[in-house]
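Below is one structure, written out as C-alpha cells; comments come after it.
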Amino acid sequence: MSKFYITTPIYYVNARPHIGHAYTTIACDTIARRHRMLGDDTWFLTGTDEHGQKIERAAQAAGKTPQQFTDEVSAEFRALWDRMGLTYNDFIRTTSPRHKQGVQALWRRIADAGYIYKSHYTGQYCVFDELYVDAVGSGAPCPECGRPTETVKEENYFFKLSAFQEPLIKLYTEQPDFIRPETRRNEVISFVASGLRDLSISRSTFSWGIPVPDDPKHVIYVWLDALANYITALGYGSSDTTKYEKYWPADVHMIGKEIVRFHCVYWPAFLMAAGLPLPKGITAHGWLLFEENKMSKSRGNIVRAETIIDVLGTDALRYFLLREIVFGQDGSFSFDALVQRYNADLANGLGNLASRTLTMINRYFNGEVPYPSHTAAHSAQEDAIAETATKAIADFGTYFDQFQFSRALEAAWGLVSAVDKYIVENEPWALGDKDDELSRARLGTVLYTSAEALRIVTALAHPVMPDATAKIWAQLGLGDIKNFDLPELRWGQLHLGTKLGEVQGVFPRADKSAITRMQNMEERNAATLASTTTATATPSAQSSATAVAPPPGAPPVAGAQPSAKPPAAVPDGKISIDDFTKVELRVAQVKVAERVKGADKLLRLEVDLGTEVRQILAGIAEAYAPETLVGRKIVIVANLAPRKLRGLESNGMLLAASIDGGKPVLASFLEDIPIGARLK
Ligand code: MSP
Numbered sequence: 003m004s005k006f007y008i009t010t011p012i013y014y015v016n017a018r019p020h021i022g023h024a025y026t027t028i029a030c031d032t033i034a035r036r037h038r039m040l041g042d043d044t045w046f047l048t049g050t051d052e053h054g055q056k057i058e059r060a061a062q063a064a065g066k067t068p069q070q071f072t073d074e075v076s077a078e079f080r081a082l083w084d085r086m087g088l089t090y091n092d093f094i095r096t097t098s099p100r101h102k103q104g105v106q107a108l109w110r111r112i113a114d115a116g117y118i119y120k121s122h123y124t125g126q127y128c129v130f131d132e133l134y135v136d137a138v139g140s141g142a143p144c145p146e147c148g149r150p151t152e153t154v155k156e157e158n159y160f161f162k163l164s165a166f167q168e169p170l171i172k173l174y175t176e177q178p179d180f181i182r183p184e185t186r187r188n189e190v191i192s193f194v195a196s197g198l199r200d201l202s203i204s205r206s207t208f209s210w211g212i213p214v215p216d217d218p219k220h221v222i223y224v225w226l227d228a229l230a231n232y233i234t235a236l237g238y239g240s241s242d243t244t245k246y247e248k249y250w251p252a253d254v255h256m257i258g259k260e261i262v263r264f265h266c267v268y269w270p271a272f273l274m275a276a277g278l279p280l281p282k283g284i285t286a287h288g289w290l291l292f293e294e295n296k297m298s299k300s301r302g303n304i305v306r307a308e309t310i311i312d313v314l315g316t317d318a319l320r321y322f323l324l325r326e327i328v329f330g331q332d333g334s335f336s337f338d339a340l341v342q343r344y345n346a347d348l349a350n351g352l353g354n355l356a357s358r359t360l361t362m363i364n365r366y367f368n369g370e371v372p373y374p375s376h377t378a379a380h381s382a383q384e385d386a387i388a389e390t391a392t393k394a395i396a397d398f399g400t401y402f403d404q405f406q407f408s409r410a411l412e413a414a415w416g417l418v419s420a421v422d423k424y425i426v427e428n429e430p431w432a433l434g435d436k437d438d439e440l441s442r443a444r445l446g447t448v449l450y451t452s453a454e455a456l457r458i459v460t461a462l463a464h465p466v467m468p469d470a471t472a473k474i475w476a477q478l479g480l481g482d483i484k485n486f487d488l489p490e491l492r493w494g495q496l497h498l499g500t501k502l503g504e505v506q507g508v509f510p511r512a513d514k515s516a517i518t519r520m521q522n523m524e525e526r527n528a529a530t531l532a533s534t535t536t537a538t539a540t541p542s543a544q545s546s547a548t549a550v551a552p553p554p555g556a557p558p559v560a561g562a563q564p565s566a567k568p569p570a571a572v573p574d575g576k577i578s579i580d581d582f583t584k585v586e587l588r589v590a591q592v593k594v595a596e597r598v599k600g601a602d603k604l605l606r607l608e609v610d611l612g613t614e615v616r617q618i619l620a621g622i623a624e625a626y627a628p629e630t631l632v633g634r635k636i637v638i639v640a641n642l643a644p645r646k647l648r649g650l651e652s653n654g655m656l657l658a659a660s661i662d663g664g665k666p667v668l669a670s671f672l673e674d675i676p677i678g679a680r681l682k
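Using my numbering, you'd call the opening residue of the sequence shown number 3 and step up by one each time.
What follows is the structure in C-alpha cells.
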C-alpha cells in the first residue's frame with residue numbers, strides 16, 4: 003500500500019467560498035477518492051488562511067474582532083465542504099494552537115541554520131496579495147493585481163532567499179515534474195534565474211499573526227505562516243509527529259496559477275533552509291472565469307456552489323468543472339453551458355443508459371442480469387464494445403494520472419456513446435417482443451453487454467460523481483461501491499443472475515427554467531450583499547481589499563434568500579435597493595413584431611430573452627413600424643405578472659420613455675450587450 007498526500011491551498015477568510023474555491027477542492031477530492039479506490043493510504047488536507055493585514059482589515063470593516071470574524075468565515079468554508087461531501091481528512095486553521103506551534107518550530111529551525119537576520123525594510127507592499135513588490139512610491143500599482151500598494155517602513159526579519167537561487171534552479175532542472183504544467187515551470191525558472199533578493203518574513207506594524215519566537219513585537223509574514231500549514235497539519239513541531247513521518251513529503255500541492263511563486267520558490271526555499279524534504283510536485287490550474295473575468299469576490303462576479311447544488315446537485319457541478327474546463331487552462335463558467343452539459347452527458351448520457359438498461363433487465367429478465375451468449379447469439383458488436391471498454395479503462399487511468407480530467411471523462415463517455423449506438427442498432431425492445439430462442443438469447447446478450455459497460459463507466463466515474471455512481475452501482479445489485487477494488491476493473495466481471503436493486507432515475511432532465519432559477523438565486527444574493535456591504539464598509543478603509551470586505555450581516559451560506567434582517571430605514575418617497583432589485587429588467591431581442599387587429603396603438607412582439615421567447619404587447623404602434631423592430635434589442639420588465647390585452651396574453655413590459663402626449667422612445671444601448679443581460 004503506498005501513501006498519497008494531497009493538499010489544497012488554504013483559503014483566505016476575507017471572502018466567502020465560491021465555485022472558484024470549490025473548483026480546487028473538488029479536483030483534490032476527486033484525486034483523493036481515486037487514490038483511495040486504488041488502495042493508497044490517502045491523506046487529503048484543506049483549511050483556511052486566517053492571519054495577516056488583509057484579514058485584520060476585513061474584520062475591522064465587518065465590525066468584528068479578527069478571531070470572531072475568522073471563526074465565522076472559516077466555519078462557512080467547512081460547512082460548505084461538508085455539504086458537498088468533500089472527503090478531506092483534516093481541516094487546518096492557521097489560528098489554531100497546533101499550527102502556531104508548528105510555525106514557530108519551523109522558524110526556529112530556519113533561524114538556527116543561519117538563514118534569518120534582522121534589518122530594515124522600506125518598500126511597497128500589496129495587502130491584497132500579501133506580497134512585497136518592486137513598485138516605487140506610495141500608491142504605485144501592484145504588478146500582480148493592479149491595486150495601489152502601501153509603503154512599509156519597518157524593522158523586519160529577513161530570510162536569505164538569495165542563497166537558494168542555485169539550489170532552486172537545480173531542483174527545477176533535476177525534477178522537471180516539480181512544477182506542472184510546463185508553462186508555469188518556465189515562468190518560475192525565468193523568475194528565479196533573473197535573481198532572488200532576500201525576503202522580509204516578519205511585520206511589526208500590526209499584530210494579527212503568529213509572534214516571532216523570542217521577539218513578540220514581530221508577527222511572522224503571513225505567507226511563511228500559511229505555507230507551513232502543509233506540515234503543521236501533520237503534527238510537525240508537536241509531540242506527535244506520526245502523521246508527518248508517514249505522509250510528508252506531499253505528493254501533490256494543488257494550487258491556482260496566481261500563487262505559483264509562493265509555492266514553487268518561497269516554500270521549497272524555506273524547506274531547504276530548514277533541512278526538510280521537499281514536496282514531490284506542485285500543480286497549478288487555471289482560473290474559472292465568469293463573464294470573461296477571473297471569478298473573484300473583489301470583481302463581484304462570483305457564483306456560489308450552493309446555487310448549483312440546490313438546483314442540479316453536487317455531482318453535476320463536479321462533472322461540469324472537470325469535464326468542461328481543460329485542467330491547467332482558464333475556463334469559462336456559464337449557467338447555460340452547465341445545463342447543456344448536464345442534459346447531454348448526464349441526463350441523456352449516463353442517466354439514460356442506466357435507466358433504459360436496468361428497466362429492460364427488470365422487464366424481460368425479472369430483474370436478474372441475463373446470460374450473454376458466446377455462440378449463435380453472439381456478434382462482433384459485443385467484442386467491439388468489450389474492446390472499447392478495455393481501452394476506456396486504460397485511457398481514463400492514463401489521463402487522470404496526468405490530471406487531464408476532461409480527456410479522462412471523454413474516454414469514459416466514449417463508451418457511453420458506443421453503447422447507446424449499440425442499443426439503438428440492436429433494438430432490445432423489439433427482441434423482447436419475440437418468442438423464439440435466438441431472439442431471447444440475443445436480448446440477453448445485448449442487455450448483459452449494456453449493463454457491463456454501465457458498470458465500467460460507473461466505476462471509473464465514481465471519484466468524479468460519488469453520489470450518482472453509488473446509486474447506479476446499488477441499482478446494478480453490486481452493493482456499496484466503496485468496497486470495490488478499482489485495480490481489478492476488467493470487462494466481463496458482472497455476474498450472471500445478479501439481482502438488481504430498485505431502479506430510480508439519477509439525473510432528471512433540466513429544462514431552461516433551471517438556468518433562470520440559478521441566475522435569479524445569484525442575483526438575489528448579489529443584491530443582498532451589495533446592499534449590506536454599502537451599509538457597512540469602512541469609509542477609512544485604506545485598500546481596495548478592505549472596501550469589499552464581507553458584510554457582517556451577510557446571509558448564511560446555505561440560504562440563497564435575501565437577508566432576514568429588517569430593511570434599513572428609507573426616507574419618504576424613496577425605495578430601498580431591495581425594492582429596486584425586485585424588478586427584473588432584462589435585455590431582449592425582438593424576433594417577431596406585428597400589429598394587433600382592431601387596436602391602433604398596440605403591437606404584438608415575440609422577444610428572445612436568451613432562455614426563452616415570450617409574447618409581449620406594447621402600445622408603441624404609432625411610433626414604430628413593426629418591421630423596424632425585428633432584430634432590435636430592447637429592455638423589458640421580465641418578472642411582471644402576465645395580463646391580457648385584447649384577448650392576448652402579455653408576458654412582461656418593454657421600457658420606453660416619453661413626455662406627456664409625446665411619442666414613446668424605446669430604451670436601448672450604445673454598446674452591444676448580450677440578450678438576457680440584466681439591468682442593475
Ligand atoms: N491563502 C492563499 C493561499 C495560501 S496556501 C498556503 C490564497 N487564498 S485564496 O482564498 O485567495 O484562494 C486561492 C485559491 O482558491 C486559488 O489558488 C485557487 O485554488 C482557488 N480559486 C479562487 N478563485 C478562483 C477562480 N476564480 N478560479 C480558480 N480557482 C480559484 O491565495
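Glycine included, each C-beta is placed from N, C-alpha and C at the ideal position. The model shown is predicted, which means the values in this text are computed figures rather than measured ones.
How long is the line joining the alpha carbons of residue 394 and residue 413, rounded to whole angstroms?
Sequence index remark: in the sequence shown, residue 394 carries index 392 (1-based). Sequence index remark: in the sequence shown, residue 413 carries index 411 (1-based). Taking the straight line joining both Cα atoms gives about 5 Å.
Please report the residue range of the alpha helix (DSSP H) in which residue 30 lies.
Taking the first residue of the sequence shown as position 1, residue 30 is located at position 28. Counting along the chain, the alpha helix (DSSP H) containing residue 30 begins and ends at 21-39.
If you measure between the beta carbons of residue 12 and residue 72, is that distance less than 8 Å?
For the purposes of this step, residue 12 is taken as the residue at position 10 of the sequence shown. For the purposes of this step, residue 72 is taken as the residue at position 70 of the sequence shown. Taking 8 Å as the Cβ cut-off, residue 12 and residue 72 do not qualify as a contacting pair.
Would you be able to state if there are at least three C-beta pairs under 8 Å between the segment 467-477 and the segment 303-322?
With a cut-off of 8 Å, the segment 467-477 and the segment 303-322 count as touching, because enough Cβ pairs lie within range.
Cα separation between residue 171 and residue 251?
As a first step, residue 171 is located in the sequence shown; it is residue number 169 there, counting from the start. As a first step, residue 251 is located in the sequence shown; it is residue number 249 there, counting from the start. In a straight line, the C-alpha of residue 171 is about 20 Å away from that of residue 251.
If you measure from the CB of residue 11, is any heavy atom of ligand 1 nearer than 7 Å?
Counted from its first residue, the sequence shown places residue 11 at position 9. Result yes, Cβ under 7 Å from ligand 1.
Give me, in chain order, the residues of the same chain whose beta-carbon lies closer than 6 Å to that of residue 682; leave out the 5 immediate sequence neighbours on both sides.
Here residue 682 is taken as the residue at index 680 of the sequence shown, counted from 1. Closer than 6 Å at Cβ, skipping near neighbours: no residue.
Rounding to the nearest angstrom, what Cα-Cα distance links residue 235 and residue 294 in this structure?
Working through the sequence shown from its first residue, we reach residue 235 at position 233. Working through the sequence shown from its first residue, we reach residue 294 at position 292. The alpha-carbon atoms of residue 235 and residue 294 are separated by roughly 36 Å.
Would you call the CB atoms of residue 585 and residue 639 closer than 8 Å?
As a working note, residue 585 is residue 583 in the sequence shown. As a working note, residue 639 is residue 637 in the sequence shown. Yes, these two residues count as a Cβ contact at 8 Å.
Whole beta strand (DSSP E) runs in the segment 100-175 with 3 or more residues, listed along the chain?
Entirely contained in the segment 100-175, the beta strand (DSSP E) runs reaching 3 residues are, in chain order, 118-128, 133-135 and 152-161.
Kindly indicate the opening and closing residues of the alpha helix (DSSP H) around residue 584.
Reading the sequence shown from its first residue, position 582 is the one you call residue 584. Unbroken run through residue 584: none, as it is neither H nor E.
Does the segment 655-675 touch the segment 612-623, meaning 3 or more C-beta pairs lie closer than 8 Å?
Judged by Cβ distances under 8 Å, the segment 612-623 makes contact with the segment 655-675, as three or more pairs qualify.
Got a sec: does ligand 1 put a non-hydrogen atom nearer than 7 Å to the Cβ of residue 90?
Translated into positions along the sequence shown, residue 90 becomes position 88. No; taking the cut-off as 7 Å, the Cβ of residue 90 has no heavy atom of ligand 1 nearer than that.
Quick one: what's got a C-beta closer than 6 Å to residue 652's C-beta in the same chain, skipping five residues either side?
Locating residue 652 in the sequence shown gives position 650, counting from the first residue. 618, 619 and 645.
From what residue to what residue does the alpha helix (DSSP H) around residue 439 run?
Within the sequence shown, numbered from 1, the residue matching residue 439 stands at position 437. 439-463 is the span of the alpha helix (DSSP H), which, as asked, contains residue 439.
Determine the direct distance from the alpha carbon of residue 342 to that of residue 516, and round the result to whole angstroms.
For the purposes of this step, residue 516 is taken as residue 514 along the sequence shown, with counting starting at 1. For the purposes of this step, residue 342 is taken as residue 340 along the sequence shown, with counting starting at 1. Between residue 516 and residue 342, the C-alpha separation is close to 11 Å.
Can the beta-carbon of residue 471 be found closer than 8 Å to that of residue 458?
Working through the sequence shown from its first residue, we reach residue 471 at position 469. Working through the sequence shown from its first residue, we reach residue 458 at position 456. No, the Cβ-Cβ distance between residue 471 and residue 458 is not below 8 Å.
From the DSSP output, in three-state form, read off residue 288 for me.
Sequence index remark: in the sequence shown, residue 288 carries index 286 (1-based). In the structure shown, residue 288 sits in coil (DSSP, three-state: anything other than H, G, I, E or B).
Would you kindly work out how many angstroms separate the C-alpha atoms of residue 443 and residue 450, rounded to a whole number?
Taking the sequence shown and counting its residues from 1, one reaches residue 443 at position 441. Taking the sequence shown and counting its residues from 1, one reaches residue 450 at position 448. So the two alpha carbons sit approximately 10 Å from each other.
Does the segment 199-213 touch the segment 175-191, meaning 3 or more C-beta pairs lie closer than 8 Å?
They do not touch, by the three-pair rule.
Using a Cβ-Cβ cutoff of less than 8 Å, which residues in the same chain neighbour residue 145 once the five nearest sequence positions on both sides are dropped?
Within the sequence shown, residue 145 is the residue found at index 143, counting from 1. Counting only Cβ-Cβ distances below 8 Å, and skipping sequence neighbours, we find 135, 136 and 137.
Applying the criterion that 16 or more other CB atoms from any shown protein chain within 10 Å of the CB defines a buried residue, is residue 440 buried or exposed?
Residue mapping note: residue 440 aligns to position 438 of the sequence shown, counting from 1. Result: exposed.
Indicate, with yes or no, if ligand 1 has a heavy atom lying under 7 Å from the CB of residue 109.
The residue labelled residue 109 in the question sits at position 107 within the sequence shown. Because no heavy atom of ligand 1 lies under 7 Å away, the Cβ of residue 109 does not count as near it: no.
Under a three-way DSSP split, which group does residue 687 fall into?
Because residue 687 is not part of the residues shown, which for the chain are 3 to 682, the question remains open.
Are the beta-carbon atoms of residue 46 and residue 29 separated by less than 8 Å?
In the sequence shown, the residue the question calls residue 46 occupies position 44. In the sequence shown, the residue the question calls residue 29 occupies position 27. No, these two residues do not count as a Cβ contact at 8 Å.
Closest to residue 75 by CA distance: which of 89, 85, 128 and 60 is it?
Mapped onto the sequence shown, residue 75 falls at position 73. Residue 60 is the option with its Cα nearest to residue 75.
Can you tell which of 346, 447 and 243 has its C-alpha closest to the C-alpha of residue 418?
In the sequence shown, the residue the question calls residue 418 occupies position 416. When only C-alpha atoms are compared, the closest one is 346.
Whole angstroms are fine: how far does the CA of residue 4 sit from the CA of residue 41?
The residue labelled residue 41 in the question sits at position 39 within the sequence shown. The residue labelled residue 4 in the question sits at position 2 within the sequence shown. Cα to Cα, residue 41 sits roughly 8 Å from residue 4.
Work out the CA separation of residue 530 and residue 520 for me, nearest whole Å.
Taking the sequence shown and counting its residues from 1, one reaches residue 520 at position 518. Taking the sequence shown and counting its residues from 1, one reaches residue 530 at position 528. Using only the alpha carbons, I get a separation of about 15 Å.
So, at 8 Å on beta carbons, what are the nonlocal neighbours of residue 246 in its own chain, with the 5 sequence-adjacent residues on each side left out?
Translated into positions along the sequence shown, residue 246 becomes position 244. Excluding positions up to five away in sequence, the list reads 233, 236, 237 and 238.
Would you tell me roughly how many angstroms separate the C-alpha atoms of residue 160 and residue 173, rounded to the nearest one?
Position 158 of the sequence shown, counted from the start, is the residue given in the question as residue 160. Position 171 of the sequence shown, counted from the start, is the residue given in the question as residue 173. So the two alpha carbons sit approximately 23 Å from each other.
Quick check: is any heavy atom of ligand 1 less than 7 Å from the C-beta of residue 2?
Beyond the ends of the chain as shown, which are 3 and 682, falls residue 2; an answer cannot be given.
Does at least one heavy atom of ligand 1 sit under 7 Å from the Cβ of residue 298?
Here residue 298 corresponds to residue number 296 of the sequence shown, with the count starting at 1. Result yes, Cβ under 7 Å from ligand 1.
Could you spell out where the alpha helix (DSSP H) holding residue 187 opens and where it closes?
Against the sequence shown, residue 187 aligns to sequence position 185. Unbroken alpha helix (DSSP H) run through residue 187: 184-195.
What do you reckon, are the CB atoms on residue 8 and residue 362 nearer than 8 Å?
If you number the sequence shown from 1, residue 8 lands on position 6. If you number the sequence shown from 1, residue 362 lands on position 360. Cβ atoms of residue 8 and residue 362: not closer than 8 Å.
So residue 602 is in the alpha helix (DSSP H); what residue range does that whole segment cover?
As a position in the sequence shown, residue 602 is number 600, starting the count at 1. Where residue 602 is concerned, there is no enclosing alpha helix (DSSP H), although the beta strand (DSSP E) it sits in stretches over 601-610.
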